[in-house]
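Have a look at the structure below before the remarks.
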Amino acid sequence: MIDRVLEIDGLTKLYGSNRALSDLSFEARPGELFGFVGRNGAGKTTTMRIILGVLVADGGEVRWGGRPLTFESRRRIGYLPEERGLYPRMRVLEQLVYLAELHGMTSGGAHRAARAWLDRFGLGERVNDEVQRLSLGNQQRVQLAAALIFSPDILILDEPFSGLDPVAVDLMSAVLREQAAAGLPVLFSSHELNLVEQLCDRVGIIDRGSMVACGTVEELGRGGPRRVFVDVPGALEGWAARLPGVTPVRSEGTRQLLELAPDCSPQVILQAALRAGPVREFSPAQSSLGDLFRDVVYEGRT
Amino acid sequence: MKYRNRSEESSGQPGSRSIIFLIVRREVRMRLRSRIFVGGTLLLIALMALSVLFIDVIESRSSATRVGFTGSVRALEQPLASAVATLKGNVIISEVVDQATGEAQVGQSLDVLISGSITAPRVLVKDQLSPTLQAILNFLAQQNALDAQITGAGLDLATVRASVVAAGVTVTSQLPANPLRTQQIVVGFAIAYILMLALSFYGGLIASGVVEEKSTRIVEIVLSTVRPTQLLAGKIIGVGLVGLCQLVVLGAAALAIFIPTGVVSVPSLSLGALLVDLLWFLLGFYFYATIFAAGAALVSRQEDIPSVTAPPVILLILSYVLVNLVMFDPNSLSSTLLSLLPPFAPVLMVARLAAGNPPLIQVVGAAALTIAATIGLTQVAGRIYANSILRMGARVGFRDALRRRPG
Numbered sequence: 005m006i007d008r009v010l011e012i013d014g015l016t017k018l019y020g021s022n023r024a025l026s027d028l029s030f031e032a033r034p035g036e037l038f039g040f041v042g043r044n045g046a047g048k049t050t051t052m053r054i055i056l057g058v059l060v061a062d063g064g065e066v067r068w069g070g071r072p073l074t075f076e077s078r079r080r081i082g083y084l085p086e087e088r089g090l091y092p093r094m095r096v097l098e099q100l101v102y103l104a105e106l107h108g109m110t111s112g113g114a115h116r117a118a119r120a121w122l123d124r125f126g127l128g129e130r131v132n133d134e135v136q137r138l139s140l141g142n143q144q145r146v147q148l149a150a151a152l153i154f155s156p157d158i159l160i161l162d163e164p165f166s167g168l169d170p171v172a173v174d175l176m177s178a179v180l181r182e183q184a185a186a187g188l189p190v191l192f193s194s195h196e197l198n199l200v201e202q203l204c205d206r207v208g209i210i211d212r213g214s215m216v217a218c219g220t221v222e223e224l225g226r227g228g229p230r231r232v233f234v235d236v237p238g239a240l241e242g243w244a245a246r247l248p249g250v251t252p253v254r255s256e257g258t259r260q261l262l263e264l265a266p267d268c269s270p271q272v273i274l275q276a277a278l279r280a281g282p283v284r285e286f287s288p289a290q291s292s293l294g295d296l297f298r299d300v301v302y303e304g305r306t
Numbered sequence: 017m018k019y020r021n022r023s024e025e026s027s028g029q030p031g032s033r034s035i036i037f038l039i040v041r042r043e044v045r046m047r048l049r050s051r052i053f054v055g056g057t058l059l060l061i062a063l064m065a066l067s068v069l070f071i072d073v074i075e076s077r078s079s080a081t082r083v084g085f086t087g088s089v090r091a092l093e094q095p096l097a098s099a100v101a102t103l104k105g106n107v108i109i110s111e112v113v114d115q116a117t118g119e120a121q122v123g124q125s126l127d128v129l130i131s132g133s134i135t136a137p138r139v140l141v142k143d144q145l146s147p148t149l150q151a152i153l154n155f156l157a158q159q160n161a162l163d164a165q166i167t168g169a170g171l172d173l174a175t176v177r178a179s180v181v182a183a184g185v186t187v188t189s190q191l192p193a194n195p196l197r198t199q200q201i202v203v204g205f206a207i208a209y210i211l212m213l214a215l216s217f218y219g220g221l222i223a224s225g226v227v228e229e230k231s232t233r234i235v236e237i238v239l240s241t242v243r244p245t246q247l248l249a250g251k252i253i254g255v256g257l258v259g260l261c262q263l264v265v266l267g268a269a270a271l272a273i274f275i276p277t278g279v280v281s282v283p284s285l286s287l288g289a290l291l292v293d294l295l296w297f298l299l300g301f302y303f304y305a306t307i308f309a310a311g312a313a314l315v316s317r318q319e320d321i322p323s324v325t326a327p328p329v330i331l332l333i334l335s336y337v338l339v340n341l342v343m344f345d346p347n348s349l350s351s352t353l354l355s356l357l358p359p360f361a362p363v364l365m366v367a368r369l370a371a372g373n374p375p376l377i378q379v380v381g382a383a384a385l386t387i388a389a390t391i392g393l394t395q396v397a398g399r400i401y402a403n404s405i406l407r408m409g410a411r412v413g414f415r416d417a418l419r420r421r422p423g
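Line order of the protein sequences matches chains F and W.
Each residue of the first sequence is one higher than the last, beginning at 5 in the working numbering.
Each residue of the second sequence is one higher than the last, beginning at 17 in the working numbering.
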């Protein structure tokens, strides 16, 4: 198992004078769901295309099991591109079988696997329909089946949740969890930060072509600023802002989220709060991925 | 749910050949299933059958003149019929009861009514008498008048006639005698035209297939498991096979329609000649298909196809325009040179093969040049295709597309 790590090592990609990726490194481990987040144009799709060999990097290397990916090992990657695409006039079953055979399956095996996935995705009745006759949601299901049908060794999905209805989101989540549980490294990108937070074992935040944070959501939060929720309904407005080392982040009614400077002890804040009035709430705030993302990305801006 | 029974269901890494086979099979299946293919083929066969009827109607209408005789001039029936036959004309001779009936029939069931005597025939027509018939009738009348004089002068008519027949002109043609020349030219034009159409049509199919894969983005999935050159080769071979299949059907239909009906019978419409034409289709197809594919890879939308396929389309139209020149004199220096040049060879060589009798060395030379050019072109086109096929959006610049790929 341990040798099935997908290592992205020092990738650099230039588009003319524009640096799309700059020394980007991370790894996706077997059995792990790795979420890849970043603003539009941060370099997520470029990274995935380089892993797939669809683009060639200007520097760096992608390794799997310690060895550089070759054309043959890349063919074992299941890929869901951001821009979905299938042959519009091919029939559903025929299309999946064709793609599976291109990946090396026998005709019989491809047919069995295609039918199994289509049945599971509720498309068992549509096997002989042309893809263009399916609804967009159903086309997405066929697309996912196309990435899974040949039992890939690695799964890479570019924005798998975009444009999905809630039922399809649940299906996609279940499939991704199940594939990771089967021992695959699963790497996907998404703008749905809540979903990434719920689903992923580890998260990488990419900004302007560099990995700016990488780890479990908990790990990422540990390194960040300490924050506390404080609710003192009877206090004078602005009581907290006057405290040394405290920056109010936002407030919801009387409930405030405060960010503490590194040398500022939460105990001091609690005492100040008690002096200001009866305290209804005082709790450390677990940074959400959204908070982390904004911190990291906006910090990079300034 | 797990589908990881790899040992049973996956044969591992398919070789390059079987990948290309899979791509070819998909192309052939999808094209053969399309309505355009089935409908177009049937339409072309129907057009061929119609052309037989058309030729038949034209020939019978233009050549058969209905001639009626009345009175003593009937003696001219036989001489007239044989004279017309020598001139490859066609008359239908009928007898008319009397002058009045005949006059009423002119313009209806008769074109020409001949009455009077054998030395002074009188002709009634609706509009005008054909110059040929007039000349024949004049000649026959004068001969009859001469016969009377000869007999009157006491000479032996048979002796005089024998010596008259011996006199005559001897004609020598520089071109070998070829009574089928007109038909050969027509068939040559038709075959060259069909070939040009087929090359444009199947070249266009290649272009739209390439752009379809680009615009639907399926190419990104396919190219994650297939090399660009494999995809390109599979597509070109597949579409080429479909084109060949259609032309085989059309060729068989042409043989079945034209040969038994006897409307057209020239050497260029024989099994052997048509097989050579099919080979030329293949040579021309692979030459042009690579150009069409490389051009199409530069754009991402179907609307942009014409802007990149103009060069091959113009070359094909030019080839057909040059067919006129070649047909005028199939073995002239300019015809020979043009038919050796790869862009024109497929269409022009086929035209020369139908119209003339080009030396074998020239045919083989033109084929070799076309094959060599195709091999060279494949290198360039393959690079353009591989560099451009994944670049979406704006048209890829030509120079950019030609650049060597890093890594």
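Heads up, the beta-carbon is just placed ideally off N, CA and C, and yes, glycines get one too.
Backbone secondary structure at residue i - three-state DSSP
i	result
M109(F)	strand
Y304(W)	helix
G219(W)	helix
T306(F)	Only weak support is given to the placement of T306(F): the predicted model assigns it a pLDDT of 43, under 50, and the value that follows is read from those uncertain coordinates. Coil at T306(F), not helix or strand.
E24(W)	Because E24(W) carries a pLDDT of 40, less than 50, the predicted location of this residue cannot be relied on, and no value is offered for it.
D7(F)	coil
K251(W)	helix
V207(F)	strand
L299(W)	helix
S177(F)	helix
F414(W)	helix
E31(F)	strand
L129(W)	strand
E182(F)	helix
F53(W)	helix
V58(F)	coil
Contact list for residue i against chain W, beta-carbon separation under 8 Å
i	result
Y102(F)	L38 and R42
I81(F)	S240
Which residues DSSP lists as bridging residue i, in chain order
i	result
H83(F)	One detail in the question is off: residue 83(F) reads as Tyr in this sequence, not His. Bridge partners of Y83(F): I160(F).
C218(F)	G208(F)
Q260(F)	V234(F) and S255(F)
Y19(F)	N22(F)
T81(W)	V107(W)
Cβ of residue i within 8 Å of any chain F Cβ
i	result
E236(W)	yes
R419(W)	no
I14(W)	Chain W is shown only over 17 to 423; residue 14(W) falls outside these bounds and no answer can be derived.
L257(W)	no
L248(W)	no
V242(W)	yes
L69(W)	no
L406(W)	yes
M64(W)	no
M365(W)	no
A410(W)	no
Contact list for residue i against chain F, beta-carbon separation under 7 Å
i	result
T245(W)	Within chain F, no residue comes near T245(W); the closest Cβ sits about 12 Å away, beyond 7 Å.
Cross-chain neighbours of residue i in chain F, by beta carbon under 8 Å
i	result
R197(W)	None at all; the shortest Cβ gap to chain F is about 47 Å.
R233(W)	P85, E87, R88 and G89
M46(W)	Y91, R93 and M94
Closer than 8 Å to chain W by CB, residue i
i	result
Y91(F)	yes
G35(F)	no
V283(F)	no
G39(F)	no
E105(F)	yes
L168(F)	no
A24(F)	no
A32(F)	no
A172(F)	no
A150(F)	yes
Partner residues on chain W for residue i, Cβ-Cβ distance less than 9 Å
i	result
R78(F)	S240 and T241
L56(F)	E236, L239 and S240
Contacts that residue i makes with chain W (C-beta to C-beta distance below 7 Å)
i	result
G42(F)	Residues of chain W passing the Cβ test: none, with the nearest at roughly 20 Å.
Q: Report yes or no: do three or more beta-carbon pairs, one from the region 50 to 65 of chain F and one from the region 171 to 178 of chain F, lie closer than 8 Å?
A: The answer is no - the region 171 to 178 of chain F does not touch the region 50 to 65 of chain F, with fewer than three Cβ pairs under 8 Å.
Q. Looking at C-beta atoms only, is the number of pairs between the region 237 to 244 of chain F and the region 190 to 203 of chain F that lie closer than 8 Å three or more?
A. Contact fails: fewer than three Cβ-Cβ distances are below 8 Å.
(Q) Contact between the region 38 to 58 of chain F and the region 124 to 134 of chain F is defined here as three or more beta-carbon pairs at a separation below 8 Å; is this criterion met? (A) They do not touch, by the three-pair rule.
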